[in-house]
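Notes follow once the structure below has been shown.
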Amino acid sequence: MKRNELSLIVGGYAGQGVKTVAQAFARVCSRAGLRVFLNQEYPSNIKGEHNYFQVMVAEEPVGAHTRQADVLLALDAKTVNLHIDKIAPQGALVFDREGVETSPIDTGLKVGKIQRVDIAVLDIPFKQIAREAGGSARMINTVGIGSLQGLLRLDFALLANLLRESLSRLGDEIVQQNLDAARRAYDFARGHYSEKLDTVLERRQAPQRMLISGNDAVALGALRAGLKFYSSYPMSPSSGVLSFLSKRARDYGLAAILTEDEISAAGMAIGASFAGVRAMTGTSGGGFCLMTEFLGLAGMAEIPLVILEGQRPGPATGLPTRTEQGDLKFVLSAHQGDFPRIVIAPGDPPEAFRLTFDAFNLADRYQTPVIVLTDKHLAESFWTYEPFDTAGLTIDRGEYVAEDELSETGDYQRFRITESGVSPRTRPGIPGGVFKATGNEHNEYGLLSEDADNRAAQTSKRLRKTTALDVSQIGVKLHGDPGAEVTLVGWGSTKLVILEAMAFLRESQNLNCNFLQPIYLEPFPAGRVAEVISRAKRTLLVENNATGQLGNLIRQKTGLAIEDRILKYNGRQFYRDELAEALLQRL
Amino acid sequence: MHDGNERTRFNTAARPNWCVGCGNFGILSGLKKALLKLELEPHQVVVASGIGCSSKIPHWINVYGLHGLHGRTLPVATGLRLANHDMVVIAEAGDGDGYSEGMNHFIQAARRNVDLTYVVHNNGVFALTTGQTSSTGKQGFVSSSTPDGSIEPPFHPAALAIAAGANFVARGFSGDIEQLGELIAAAVEHPGFALVDVLQVCVSFNPERGYKWYQQRVYKLEDEGHDPRDQDRALAVALADGDGRLATGVFYQGDRPPYERSLPQLRDAPLVDHDIANTDVRFLMQELI
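What follows is the structure, given as structure tokens:
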């Protein structure tokens, strides 16, 4: 009997509410004091196509998913056929044999003959239960989650509370019907299939935890940093940030604007930042293509700008709702000419929160664009964390020129050549501070200048700014034993799966690995990275892209080549057991 | 850096490098006239512009200026205005800039109705790139890009603005500074998006349409009893701007409330004046539990 350890797949067709079931179940488990990881696999489609969600539950932090599931909850026929082979031996298939639904785009599709004898097939009449509860067949998602809770013998009160909270806006009758349906399903599952499952979930005493995605964490970090302006055009996987912020815009006193395109999204953010507020725009690789002209304007006119780039597989439309780390090379070099930029890549929600917060300080301090690089896996997966500690976070708006100084001299040089390269700024509306900013080369006043010496001086000044940013410590993390036999190198959202594969190898194979995670990709912590790699006994690169973009960057910055590479680029994140096996094969 | 002189406070030490006789001089004078009429101080105004001869204008007027990207002045101006609605925000563009490259932003700004004044220096030609036909250039126009004469007819920016929902649509002429100053001042005073399309002389690349050519054709709508509240009539006038008579003045003015008025978060103070030192997100994190 397994206690508080579960891998669950919930599948169905888009429009059935499969996501609702998975997210509600994940939240219930989190509220039960357990740790959860929720991976979402869905197509670029509104209704009809197959989508499935995997929920990992454990008592210890869980950050990645496995290829196998203990339980497959199938809300339609296709899910049974597609995923039955993923069920672990002694696991269970849960579905409504009589009333099983079929997606409108798969008319005629039937559940194939179930060949497996090593799993339990638990037939629960979802549709019938939904009808008995007085609801429509649509309520099978509530029935599905009620059944799950019953099978896993998890306290029903947790589900009842969640249903009341999330459905209250729909009125008492709907709430009551759903509660009734969930209860009937729970009782049916416990009554008919008591102890059919090899797994139980029990409440644990634990601090309250959030069920939080990377997108949520980015939005929270931005709000904590004093974000006043967010302009964006919807694009997976970053659209969640726009909805999060739009919903809170009035309460938090910010403007969250849906623009006509990504060009406008970047332009509005630049205008707002020039006016003096903290501004951000968010997109994915395709939208970032459109923003690149403004990226250079922010660099040239020295306007702070924070850009969220949530990667998805490209080029062009690629796989709109899947994951990849394919844009690193692009964000590092986007736009013509030389100017300073900062690129940071969080690996999990706490890093996404903290680094997004930091991004605003960096943008203000160095008056230049800062790109927060996430991907679909980080942006749209959920993990459980205690609320982040916000106490020690300090806002730094960078160098401003004092207002009294401005009115006294009346001769303000916005782009004054300074030793640090940073010129104290002001903002429109301040008497005596009138200046021009421009994407043309300009003199210290911001006026057009084609003078050769001035061009060189201003270019050097701009490039000098970020040389003060020391990333040797903050820019890279070495997880695990510094003297380990193997050093894994990766970045961004593969962090948690790499850490779990490492833990697995240590426990099962007594193989000791460590993990080098560059967090700042520009400026790059080349010295520290070179030091770790050159001391490593064995180095392996792990990336979710086809060409090993971080590996290439490391080679460019340090001259060190990592020959052993594990690259996955089918639009899906590594499974932890898949990665562990791939590592073992190489070692 | 103005010398304290009431009439010259918007002048700069730097001098425009436009061609002698360029219509941009008239537009610059009209703009200064409007700001003086409105009794504004230099620090209360920001001029955002795109790229082109006309878009160099922020460098030669003593107000805050952001000289940005070709076609993209309106998004920048929108962000500026929403972040600090105490500022008077004026967006300047040329026809190549605003009516070709930046057309989508123009339509969307008219629809969105953020309180901006959009002054378009419309001379029918790409001048700084040495004379290609723009999207308001006349059909048959012979230029380096259309040696056999332009095939495409021009479109009608004032009509398009009205159709897109703009509530202040006017046209001036770079040769009538007095009227232009009045129009820009009225546009600034109008709450919401305001277009001032300016018939502009380009002495170098569109000399056929010189001052005399325009003077023979322009007339003032108010002299003919035009009612700017009459949207149908305004649209008809805006569409009738071929080689015949050219209307100037306010084509249309409505009273649709500006975008800003629907944002309660702007009510107490401009966003730029909000205190951001300690934004408390703990409650939000509780919501995620």
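Protein chains in written order, with our numbering: chain Z, 6 to 592; chain R, 99 to 387. Virtual Cβ for every residue (Gly too), placed ideally from N, Cα, C.
Using the rule of at least 16 other Cβ atoms within 10 Å of the residue's Cβ for burial, across every protein chain shown, is residue i buried or exposed?
i      : result
Z:E170 : exposed
R:D101 : In this predicted model, R:D101 has a pLDDT of only 44, less than 50, meaning its place in the structure is not dependable; the value taken from the coordinates is given anyway. Exposed, because fewer than 16 other Cβ atoms sit within 10 Å of the Cβ of R:D101.
Z:F387 : buried
Z:E583 : buried
Z:G139 : exposed
Z:P94  : exposed
R:K310 : exposed
R:K131 : buried
R:F108 : buried
Z:E356 : buried
R:N160 : buried
R:N182 : buried
Z:F100 : buried
R:I249 : exposed
Z:R229 : buried
Z:D593 : Outside the shown range of chain Z, which is 6 to 592, sits residue 593 of chain Z, and nothing can be said about it.
Z:Y417 : buried
Z:Y257 : buried
Any heavy atom of the ligand MG closer than 6 Å to the CB of residue i?
i      : result
R:L278 : For the structure depicted, the ligand MG is absent and the ligand set is empty, with no information on it obtainable.
So, at 7 Å on beta carbons, what are the nonlocal neighbours of residue i in its own chain, with the 5 sequence-adjacent residues on each side left out?
i      : result
Z:G53  : Y18, A19, G20, S108, P109, I110
Z:R402 : D369
Z:P325 : S49, S241, R317
R:C117 : V301, S302
According to DSSP, is residue i helix, strand or coil?
i      : result
R:H100 : A caution first: R:H100 carries a pLDDT of 43, below 50, which makes its placement in the model unreliable, though a value can still be read off. DSSP places R:H100 in coil when its eight states are reduced to three.
Z:F387 : strand
R:T176 : helix
Z:T544 : strand
Z:N515 : coil
R:Q384 : helix
R:N220 : strand
Z:P355 : helix
Z:S237 : strand
Z:F529 : coil
Z:A261 : strand
Z:Q554 : helix
R:F253 : coil
R:A292 : strand
R:N115 : coil
Z:F579 : coil
Z:Q522 : strand
Going by DSSP, name the residue or residues bridged to residue i.
i      : result
Z:E314 : Z:T288, Z:L378
Z:E46  : Z:Y57
Z:M296 : Paired residues: none, contrary to the question.
Z:G38  : Beta-bridge pairing links Z:G38 to no other residue.
R:T68  : No statement about residue 68 of chain R is possible, as the shown extent of chain R runs from 99 to 387 and does not include it.
Z:I217 : Z:W388
Z:G16  : Z:Y57, Z:A79
R:T231 : R:V223
R:A189 : R:A146, R:Y216
R:A268 : R:V294, R:V348
CB-CB under 6 Å to residue i, same chain, minus the five flanking residues each way: which ones, in chain order?
i      : result
R:A259 : A208, V267, L293
Z:E46  : Y57
R:F381 : none
R:G121 : S272, Q298, V299
Z:E404 : V427, P429
Z:M61  : S12, F42, V67, H70
Please list, in chain order, all residues of the same chain as residue i whose beta carbon is under 8 Å from its beta carbon, the five residues on each side excluded.
i      : result
Z:M507 : H484, G485, L493, C518, N519, F520
Z:R209 : N9, A37, G38, L39, E64
Z:G319 : G290, G291, E329, G331, D332
R:Q329 : I260, Y350, G352
R:T228 : S242, F303
List, in chain order, every chain A residue whose beta-carbon is nearer than 8 Å to that of residue i.
i      : result
Z:R253 : Of the protein chains in this structure, namely Z and R, none is chain A.
Please specify which runs of the beta strand (DSSP E), each continuous and at least 3 residues long, are wholly inside the stretch 461-504 of chain Z, giving them in chain order. 481-484, 491-494
So within the stretch 58-133 of chain Z, which uninterrupted alpha helix (DSSP H) runs reach at least 4 residues, ignoring any that extend past its ends? 82-88
Can you give, in chain order, each stretch of the beta strand (DSSP E) that sits fully within the stretch 144-174 of chain R and has at least 3 residues? 162-165
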